[in-house]
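Peer 1: Take this structure, written in structure tokens, and hold onto it; I'll ask about it next.
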Amino acid sequence: ALEDAVRDRSLGLLLVGETAAPGPGPFFAPWTFAGDERSAAGDDEPRLVRLRLAGGMDLAEPVATLSAEIVPAPLMRWLARDPQGRVLCAAMRRGHGWVARSLLIDTWRWPQGGHPEIFGAYWSETLSAIARPPAAGPGRWSLEKGGAPLFVGEAIQLAWVGAPEAVPATALAGLRGASAAIPLNCARDPAEPARAEAIYWPAQPGWHEVRSADGKASLAFYVQAAGALPAWRAERRRIATARLVATGTNAAPAAAPVATSPDSARTAAWMAWVAWSVFLLGAGILWSEQRDSSRQDLAGLESSARLR
């Protein structure tokens with residue numbers, strides 16, 4: 002009954018708990034975890050992290066989380082992650098509804114510690130992402146990169162979510178307030194009937210806006226200049242490299258064969274011939290000495306026999 006409610010009636014479901022706990026089945030547990038060896042051994046020590054929500058908000062107060070992380074998947078939407086980019090809360094479309102997984106624990110400590118606004122912000126954004134959409138309405142636009150900086154010359158992935166029958170076929174994007182706008186084709190997500198995606202390449206820095214062709218839904222976002230925030234870019238590359246090393250996907254390429262010139266080949270052959278000649282000479286000297294020693298021993302034995 003619960004599976005039918007998620008798949009057919011757009012119910013949203015959030016799962017919280019240990020990664021080593023028995024799963025409720027593949028429909029409700031399409032997740033892969035990394036770094037959960039201690040959890041599997043029953044020795045999972047929580048760690049404190051500060052979260053970044055998918056909407057771009059950074060939560061100042063840390064929260065306890067399991068030591069594992071959720072491995073990104075093609076159809077997965079991350080909802081919260083730590084400063085190193087590890088996904089700690091995510092959702093995946095299952096039919097018309099959503100199933101979400103959270104590795105956070107003790108979020109009740111936020112209001113007890115005097116931070117009810119952080120508690121409210123986290124749960125509001127998490128539950129809004131998986132809640133049943135309204136039966137009808139203009140839908141809403143969002144950025145797939147959450148609150149990460151956007152740059153001129155880099156593709157921006159835009160997502161529209163709303164009623165399946167209202168999915169837009171086209172959208173308009175450009176500098177906010179400008180008379181000219183670039184038409185964008187919206188591709189409906191085959192796994193999410195109430196979702197469409199569009200790609201936008203900004204050519205100028207400043208405030209940009211995407212809006213549905215009917216003008217009912219829009220989203221404004223800021224685009225940085227191409228060379229802006231060099232420190233942030235360097236940190237992004239460092240984190241990406243560290244994650245590649247940690248997952249073992251940056252295997253070293255095979256060593257290229259060493260080219261050998263004709264001169265070096267002749268030199269190697271000559272050295273081999275010299276080594277073989279030295280070996281034969283040494284073996285001949287040893288054989289000669291052994292033969293002379295044997296003759297002297299034989300002569301001594303013959304002399305002793307005559308004396309007797």
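When we follow my numbering, the leftmost residue of the sequence shown carries the number 2, and every step to the right adds one.
Note that CB positions come from ideal geometry on N, CA and C, so glycine has one too.
1. Could you check if T66 is buried or exposed, using at least 16 other CB atoms within 10 Å of its CB as the buried criterion?
2. How would you call G114, buried or exposed, if buried means at least 16 neighbouring beta carbons within 10 angstroms?
3. So, helix, strand or coil for D5, using DSSP?
4. Assuming contact is defined by CB atoms lying nearer than 7 angstroms, are G199 and L151 in contact in what I supplied?
5. Can you give me the C-alpha to C-alpha distance between W32 and V72, rounded to a whole angstrom?
6. Spell out the partners DSSP gives C90 in its beta bridges.
7. So W32 is in the beta strand (DSSP E); what residue range does that whole segment cover?
8. Please name the residue in A55, A81, G86 whose C-alpha comes closest to that of E236.
9. If I follow the unbroken alpha helix (DSSP H) through F222, where does it start and stop?
10. Using a Cβ-Cβ cut-off of 7 angstroms (strictly less than) and excluding sequence neighbours within five positions of D190, which residues of its own chain qualify?
11. Under the rule that 16 or more other beta-carbon atoms within 10 Å means buried, what is S143, buried or exposed?
12. Taking 8 angstroms as the cut-off, does the segment 117-129 touch the segment 53-66 (at least 3 CB pairs, one atom from each stretch)?
13. Look at P117 and V153 and say whether their C-beta atoms are less than 7 angstroms apart.
14. Which partner residues of W208 appear in the DSSP bridge assignment?
15. Locate the alpha helix (DSSP H) running through L128, then write down its first and last residues.
16. Compare the C-alpha of R141 against each of I183, P27, V168 and name the closest.
17. Determine whether the beta carbon atoms of S219 and A172 lie at a separation below 7 angstroms.
18. Please report the residue range of the beta strand (DSSP E) in which R196 lies.
19. Take R133 as the anchor and find which of L105, A122, P165 has the nearest alpha-carbon.
20. Which residues bound the beta strand (DSSP E) around R141?
21. So what's V64 in DSSP terms, helix, strand or just coil?
22. Grab me the residues of T261's own chain with a C-beta within less than 6 angstroms of its C-beta, minus the 5 sequence neighbours each way, in chain order.
23. Under the three-state reduction of DSSP, which class applies to W109: helix, strand or coil?
24. Pull the bridge partners of L76 from the DSSP assignment, please.
Peer 2: Per the coordinate set shown:
1. Around the beta carbon of T66, a 10 Å sphere encloses 16 or more other beta carbons of the protein chains shown; the residue is thus reported as buried.
2. Result: exposed.
3. The answer is helix: DSSP assigns D5 an H, G or I state.
4. Residue identity check: residue 199 is Ala in the sequence provided, not Gly. No. Outside cutoff.
5. So the two alpha carbons sit approximately 7 angstroms from each other.
6. Among the bridge pairs identified by DSSP, C90 is matched with A81, S103.
7. Careful: W32 lies outside any beta strand (DSSP E) and carries neither H nor E.
8. With distances taken between Cα atoms, E236 lies closest to G86.
9. Counted as a single uninterrupted DSSP element, the stretch harbouring F222 is not any alpha helix (DSSP H) but the beta strand (DSSP E) occupying residues 219-224.
10. Correct list, in chain order: R196, A197, E198.
11. With a 10 Å radius around the Cβ and a threshold of 16 neighbouring Cβ atoms, S143 comes out buried.
12. Contact between the segment 53-66 and the segment 117-129 is established, with three or more Cβ pairs separated by less than 8 angstroms.
13. 7 angstroms or more divides the Cβ of P117 from the Cβ of V153.
14. Partner residues in the beta bridge of W208, as assigned by DSSP, are Y223.
15. According to the DSSP assignment, L128 belongs to the alpha helix (DSSP H) that extends over 117-131.
16. Checked all of I183, P27, V168; the closest Cα to R141 is V168.
17. No, the Cβ-Cβ distance between S219 and A172 is not below 7 angstroms.
18. From DSSP, the beta strand (DSSP E) with R196 extends over 193-201.
19. It is P165 whose Cα lies nearest to the Cα of R133.
20. Unbroken beta strand (DSSP E) run through R141: 141-144.
21. Strand, per DSSP.
22. In this prediction, T261 has a pLDDT of 45, which is less than 50 and means its spatial position is unreliable; what the coordinates show is noted afterwards. There are no such residues.
23. In the structure shown, the three-state DSSP call for W109 is coil.
24. Beta-bridge pairing by DSSP links L76 to no other residue.
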